[in-house]
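*Asks:* Each residue of the sequence shown is one higher than the last, beginning at 1373 in the numbering used here. The C-beta atom is built at its ideal place from N, Cα and C for all residues, glycine as well. Values in this document were obtained by computation on a predicted structure and should not be read as measured data. Next up is a structure, given as structure tokens.
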Amino acid sequence: MRQSLIMGNWKMNGSAESAKSLCNAIIEGLNTGDAGIAVCAPYVYLADLQALTADSPLAVGAQNVADQASGAYTGEISATMLKEFGCEYALVGHSERRTYYGDTDESVAARFCQAQAEGVVPVLCIGETLAEREANETFNVVNRQLDAVIEKAGIEALSNAVIAYEPVWAIGTGVTASDDQAQEVHKAIRERIGAKDQAIADKIQILYGGSMKPANAKGLLGMADIDGGLIGGASLDAQSFLDIYHSV
Ligand code: PGA
1373 MRQSLIMGNW
1383 KMNGSAESAK
1393 SLCNAIIEGL
1403 NTGDAGIAVC
1413 APYVYLADLQ
1423 ALTADSPLAV
1433 GAQNVADQAS
1443 GAYTGEISAT
1453 MLKEFGCEYA
1463 LVGHSERRTY
1473 YGDTDESVAA
1483 RFCQAQAEGV
1493 VPVLCIGETL
1503 AEREANETFN
1513 VVNRQLDAVI
1523 EKAGIEALSN
1533 AVIAYEPVWA
1543 IGTGVTASDD
1553 QAQEVHKAIR
1563 ERIGAKDQAI
1573 ADKIQILYGG
1583 SMKPANAKGL
1593 LGMADIDGGL
1603 IGGASLDAQS
1613 FLDIYHSV
């Protein structure tokens, strides 16, 4: 049995005060079950969250990580720095990074490797745009994004990583992939990994992301190859986020 994982992605939202109160409200309302729970916060709030979550099951992650270890890379944050502030996870290749900030399959693979080298678990985000889905390119796109990481990091690297399938057309739009649409892609991702290493495929957590909320979480999370959620908008409200977690 794979452990489920419910992960919030706060994106560029909140303030020092609201980040702390959201974190506290999640911890207070949490009935810990078998599933893991984490929030990916803006870098500047990580130190506060590290202190607040120290004695709780709530894990903390970052929303990105540099593709280099250290040096003259103005504005970047290294995996070593994330580790220093208690980050267990780092998102890599979120579609907003790929779309607005020029992240490529290659740079995402490099970020993945940097995180892993420091013991920060990379959460590799992959997914197709609406145009790509309509052109029947979904599987080609997802395979290409996945293969770029496998080529650089090696298949064994996936034994300590998480994948998030996030159809771009479902992110922040209120439109969710149907349970079957999401399951179909999750299954294909697992099979592609399984063709290289079945044990890793059986073990890796593949999260769904894209307008997941309490009302649709149970159906999605009930699918055979969906092991959790990466939740944006609904993770900014403690009760919604907890309702999703408690529906696992
Ligand atoms: P959403 O975002 O839940 O607001 O659609 C998900 C994500 O971008 O990770």
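Can you tell me whether Gly1581 is buried or exposed, with buried defined as 16 or more other CB within 10 angstroms of its CB?
*Replies:* Buried.
*Asks:* Is the stretch 1381-1390 close to the stretch 1595-1613, with three or more CB pairs under 8 Å?
*Replies:* yes
*Asks:* Using the three-state DSSP reduction, which class does Met1453 fall into: helix, strand or coil?
*Replies:* Here Met1453 carries a helix assignment [DSSP, helix/strand/coil].
*Asks:* Closer than 8 Å to a non-hydrogen atom of ligand 1 - does that hold for the CB of Ala1413?
*Replies:* no
*Asks:* Between which two residues does the beta strand (DSSP E) harbouring Ile1498 extend?
*Replies:* For Ile1498, the uninterrupted beta strand (DSSP E) run begins and ends at Val1493 to Ile1498, by DSSP.
*Asks:* Whole angstroms is fine: what's the gap from Leu1614's alpha carbon to Gly1380's?
*Replies:* The straight-line gap from Cα to Cα measures roughly 10 Å.
*Asks:* Count the other CB atoms, across all protein chains shown, that sit within 10 Å of the CB of Arg1374; report buried if there are 16 or more and exposed otherwise.
*Replies:* exposed
*Asks:* Bridge partners of Asn1381, per DSSP?
*Replies:* Cys1412
*Asks:* According to DSSP, what are the bridge partners of Leu1602?
*Replies:* Met1379 and Gly1581
*Asks:* Ser1607: beta carbon under 8 Å from a heavy atom of ligand 1?
*Replies:* yes
*Asks:* Using CA atoms only, rank isn't needed, just tell me which of Cys1412, Ala1407, Leu1402 and Thr1404 is closest to Gly1604.
*Replies:* Looking at Cys1412, Ala1407, Leu1402 and Thr1404, the one whose alpha-carbon comes closest to that of Gly1604 is Cys1412.
*Asks:* Would you give the residue range spanned by the beta strand (DSSP E) that Ala1525 belongs to?
*Replies:* Taken as a continuous stretch (DSSP letters only), Ala1525 belongs to no beta strand (DSSP E), being part of the alpha helix (DSSP H) at Thr1510 to Ala1525.
*Asks:* In chain order, which beta strand (DSSP E) runs of at least 3 residues are fully inside the stretch 1530-1598?
*Replies:* Segments of the beta strand (DSSP E) lying fully in the stretch 1530-1598: 1534-1537 and 1577-1581.
*Asks:* Name the two residues that bound the continuous beta strand (DSSP E) containing Tyr1461.
*Replies:* Looking at the DSSP string, the run of the beta strand (DSSP E) that includes Tyr1461 is Tyr1461 to Val1464.
*Asks:* Beta carbon of Asn1381: closer than 8 Å to some heavy atom of ligand 1?
*Replies:* yes
*Asks:* Leaving out the 5 sequence neighbours to the left and right, which residues in its chain are closer than 8 Å to Arg1516 when beta-carbon positions are compared?
*Replies:* Asp1477
*Asks:* Tell me, which residues are paired with Ala1431 by DSSP?
*Replies:* Ala1410
*Asks:* Just to confirm, does Cys1497 get its C-beta within under 8 Å of one of the non-hydrogen atoms of ligand 1?
*Replies:* yes
*Asks:* Under 7 Å Cβ to Cβ from Asp1439, same chain only, skipping five residues before and after it: list those, please.
*Replies:* Ser1479, Ala1482, Arg1483 and Gln1486
*Asks:* To the nearest angstrom, how far is it from the Cα of Asp1574 to the Cα of Ile1399?
*Replies:* One C-alpha to the other measures close to 30 Å.
*Asks:* Can you grab the Cα-Cα spacing for the pair Thr1446 / His1466, in whole Å?
*Replies:* 21 Å
*Asks:* Suppose you measure from the CA of Asp1569 to the CA of Pro1586; what does that come to, to the nearest Å?
*Replies:* Approximately 34 Å between the Cα atoms of the pair.
*Asks:* In angstroms with no decimal places, state the Cα-to-Cα distance between Ala1444 and Met1453.
*Replies:* 15 Å
*Asks:* Measuring only the C-alpha atoms, how far is Gln1555 from Ala1596?
*Replies:* 7 Å
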